[in-house]
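This report refers to the structure that appears directly beneath it.
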Amino acid sequence: MLIDTHVHLNADQYDEDLQEVINRALEAGVDRMFVVGFDTKTIERAMQLIENYDFIYAIIGWHPVDAIDFTEERLSWIEKLSEHPKVIGIGEMGLDYHWDKSPKDVQKEVFRKQIALAKRVKLPIVIHNREATQDCIDILIEEHAEEVGGIMHSFSGSPEIADVVINQLNFHISLGGPVTFKNAKQPKEVAKHVPLDRLLVETDAPYLTPHPYRGKRNEPARVTLVAEQIAELRGITYEEVAKQTTENAERLFNL
Numbered sequence: 486m487l488i489d490t491h492v493h494l495n496a497d498q499y500d501e502d503l504q505e506v507i508n509r510a511l512e513a514g515v516d517r518m519f520v521v522g523f524d525t526k527t528i529e530r531a532m533q534l535i536e537n538y539d540f541i542y543a544i545i546g547w548h549p550v551d552a553i554d555f556t557e558e559r560l561s562w563i564e565k566l567s568e569h570p571k572v573i574g575i576g577e578m579g580l581d582y583h584w585d586k587s588p589k590d591v592q593k594e595v596f597r598k599q600i601a602l603a604k605r606v607k608l609p610i611v612i613h614n615r616e617a618t619q620d621c622i623d624i625l626i627e628e629h630a631e632e633v634g635g636i637m638h639s640f641s642g643s644p645e646i647a648d649v650v651i652n653q654l655n656f657h658i659s660l661g662g663p664v665t666f667k668n669a670k671q672p673k674e675v676a677k678h679v680p681l682d683r684l685l686v687e688t689d690a691p692y693l694t695p696h697p698y699r700g701k702r703n704e705p706a707r708v709t710l711v712a713e714q715i716a717e718l719r720g721i722t723y724e725e726v727a728k729q730t731t732e733n734a735e736r737l738f739n740l
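In structure tokens form, the structure reads like this:
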């Protein structure tokens with residue numbers, strides 16, 4: 486039993502074969518999937534998926550790359566949708582300094598508004614961070630995000646940063662495909678370092694496909710490869726990783 490805690494089954498890449506992708510995940514033992522919506526289209530699709538499948542839950546928010554398009558109306562809309570019992574988190578939100586579509590000050594403002602929203606509706610936060618680690622952490626601390634906790638999704642920082650996130654912010658660390666890459670030293674160090682009760686697994690599918698499928702479209706069934714790699718790095722069984730990461734996700738999201 487595994488939970489893919491971050492997957493985009495609402496992406497166009499699955500338009501042709503969504504049911505087959507879901508079936509493969511279930512056959513692989515991935516019995517729950519958390520679908521992340523981060524703009525109008527993907528949020529609408531996430532809400533549809535949770536109505537159609539018992540084992541799919543939604544996390545909804547606004548992506549930092551598109552912060553420039555965020556409005557008070559969209560904030561209210563996300564807040565209203567978050568009343569749905571199968572909406573379990575707010576995000577992915579955060580900062581992305583790689584792309585320059587949205588100015589940094591706009592990203593920060595939208596980030597703060599979404600943290601406040603998560604605290605109002607008492608749901609955990611899912612963080613997207615790209616090339617903005619210190620600013621991300623500073624804002625989470627300033628806004629007291631530890632009150633609801635959350636996930637550093639597809640974590641790419643150091644073990645030292647992981648410690649800050651866990652101890653100061655009451656957050657979990659989620660690892661995906663990069664932990665399986667041969668040259669990915671830091672994710673492997675993090676996989677060994679983070680307390681097992683603070684670790685989650687994800688695919689971020691259709692992106693970040695694990696080895697040996699790099700370059701192909703990712704899908705939730707492959708979260709098993711992430712769990713296998715973590716088990717190997719920690720010198721424990723796959724079953725232990727599956728059991729503990731599942732319990733961690735259930736606890737964090739009140740399932």
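Here the sequence shown is numbered in our numbering, starting from 486 and rising by one per residue.
Note that CB positions come from ideal geometry on N, CA and C, so glycine has one too.
Close beta carbons around residue i, own chain, < 7 Å, minus the five adjacent residues each side
i    : result
Y692 : N703
Y723 : A712, E713, A716
P644 : E674, V675, H678
I646 : T618
L718 : K673, A676, K677
V664 : P672, K673, A676, V711, Q714, I715
I624 : K593, F596, R597
G642 : T618
Residue range of the unbroken alpha helix (DSSP H) whose run includes residue i
i    : result
F596 : 589-606
V650 : 644-654
D516 : Not the alpha helix (DSSP H): D516 falls in the beta strand (DSSP E), residues 515-522.
W562 : 557-566
H629 : That residue, H629, is in no alpha helix (DSSP H); it is neither H nor E in DSSP.
R509 : 503-512
L737 : 723-737
A676 : 670-678
Proximity below 9 Å, CB of residue i to CB of residue j
i    : j    : result
V606 : W547 : no
P609 : L580 : no
V708 : D489 : yes
M578 : I553 : no
F656 : G634 : yes
L654 : A630 : yes
G662 : T694 : yes
V515 : L487 : yes
K586 : D620 : no
V611 : H569 : no
L560 : L602 : yes
R683 : I721 : no
T730 : V492 : no
I636 : L685 : yes
A706 : A531 : no
Burial state of residue i, where buried means 16 or more other Cβ atoms lie within 10 Å
i    : result
N733 : buried
N652 : exposed
P680 : exposed
L740 : exposed
N537 : exposed
R736 : exposed
T556 : exposed
I622 : buried
N495 : buried
E627 : exposed
E501 : exposed
G700 : exposed
Residue i beta carbon near the ligand PLP (any heavy atom closer than 8 Å)
i    : result
Q533 : As presented, the structure is devoid of all ligands, the ligand PLP included, so that no description of it is given.
Cβ neighbours of residue i in the same chain (closer than 6 Å, five flanking residues each side left out)
i    : result
H583 : R615, E616
I528 : G522, I545
V506 : Y499, E704
K604 : E632, V633
DSSP bridge partner residues for residue i (one or two, in chain order)
i    : result
H657 : I636
G576 : V611
L685 : S659
A543 : V520, V572
D581 : R615
Residue i - containing beta strand (DSSP E), residue span
i    : result
T709 : Careful: T709 lies outside any beta strand (DSSP E), inside the alpha helix (DSSP H) at 708-719.
M532 : M532 -> not in any beta strand (DSSP E); alpha helix (DSSP H) instead, spanning 525-537.
H491 : 487-492
Cutoff 8 Å; reference residue i; Cβ partners in own chain excluding five residues on either side
i    : result
I573 : F519, Y542, A543, I544, L608, P609, F738, N739, L740
F540 : L511, D516, R517, M518
H696 : G662, T665, F666, K667, L710
T525 : R559
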